[in-house]
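Scroll down for the structure; my scribbles are underneath it.
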Amino acid sequence: MNLASSILVSGVIVLSVWGVALLQPTQAVALTKQKSPTLNNEQTQAAIEGTSATSKRHNLTTKHLNKIIIQGNTANIATSDVTRLWQDFSDNERLNGNLKKAPNAVYVYYRNFSANFDSATVTIGYPVGNLTKPSATTTIASADYHPLLSRKKYTQKQLEEAWQAIDYRRNIQHVVEVHYLSENGDTTATEMLIRYGEQ
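Just so we're on the same page, my numbering is the position in the sequence shown counted from 1, plus 730.
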């Protein structure tokens, strides 16, 4: 799959998934406060052990992403317009003219989602290490992310399913797509990560 095909596939996926997200029900808020049950020592110990097991599983299902600085095209856009941003990125002669060599990855960084997920701030860019004169950069902060897709080749259906696996009822902070490229610009693998904030 070449870069143009990746752009088209990503656009179709984003459009379909955000449509599904808009149809999900919002999280209900409890109107009354329930009294917590009193636990005996055995129940307390079991709860602590359960929390420990949950923490271990949580550690297994997160991936630490170190700080990445990228440069590319950024826009606060409707999620239905991500395909246009991909096209602007592909047509950015100044950016592509500053490449030292063929890039090995393209990052797509989603943040600042609207309440109904119909818009976000999106940056599509190359790591600054691939550029001779980086400027107007965007930083993807170091953080722990939940993997939606591990790094490998995926079909379009699998990419759509990853977007559908997002829990849109939670506080979504960031979504990061990494498209790994061959020297010819073909996508060899994709990785997708999400960071949820506190409720």
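No residue lacks a Cβ here, since even glycine has one placed at the ideal position from N, Cα and C.
| query | result |
| --- | --- |
| Going by beta carbon distance, what residues of the same chain come within less than 6 Å of E907, once the five residues before and after it are set aside? | V838 and M922 |
| Provide the residue(s) that pair with D897 in DSSP beta bridges, ordered along the chain. | Paired residue(s): none; D897 is not in a bridge. |
| Within its chain, find whatever has a CB closer than 8 Å to the CB of K793; leave out the 5 residues flanking it on each side and keep chain order. | D874, Y875, H876, P877 and L923 |
| I'd like to confirm the pairing. Which residues does DSSP put opposite E928 in its beta bridges? | Bridge partners of E928: none, in fact. |
| In three-state terms, what does DSSP make of D874? | strand |
| Just to confirm, are I870 and I798 a CB contact at a threshold of 8 Å? | yes |
| Is it true that the CB of N806 sits closer than 8 Å to the CB of S849? | yes |
| Buried or exposed, going by whether 16 or more other CB atoms sit within 10 Å of the CB of L825? | buried |
| Assuming the contact rule is C-beta atoms closer than 8 Å, T885 and T868 should be a hit. Round their C-beta distance to whole Å, please. | The pair is not a contact, with the Cβ atoms about 29 Å apart (cut-off 8 Å). |
| Helix, strand or coil for A760 per DSSP? | Its pLDDT being 33, under 50, A760 is placed unreliably by the model, and the measurement read from it follows with that caveat. Reduced to three states, the DSSP call for A760 is coil. |
| According to DSSP, is E913 part of a helix, a strand, or is it coil? | coil |
| Give a yes or no on whether the C-beta atoms belonging to K863 and N834 are separated by under 8 Å. | no |
| Roughly how many angstroms separate the alpha carbons of L879 and A892, rounded to a whole number? | 7 Å |
| So for T809, helix, strand or coil by DSSP? | helix |
| For N860, name the three-state secondary structure that DSSP assigns. | helix |
| Return the CA-CA distance between L889 and K830, expressed in angstroms with no decimal places. | 30 Å |
| Are the beta-carbon atoms belonging to I800 and Y840 less than 8 Å from one another? | no |
| Taking C-alpha atoms, which residue in A832, R881 and V812 lies nearest to G859? | A832 |
| Taking DSSP's pairing of strands, which residues face A850 in a bridge? | I807 |
| Can you name the start and end residues of the alpha helix (DSSP H) that L795 belongs to? | Counting along the chain, L795 falls outside any alpha helix (DSSP H), though it belongs to the beta strand (DSSP E) covering K793 to L795. |
| Helix or strand or just coil, what does DSSP make of S865? | coil |
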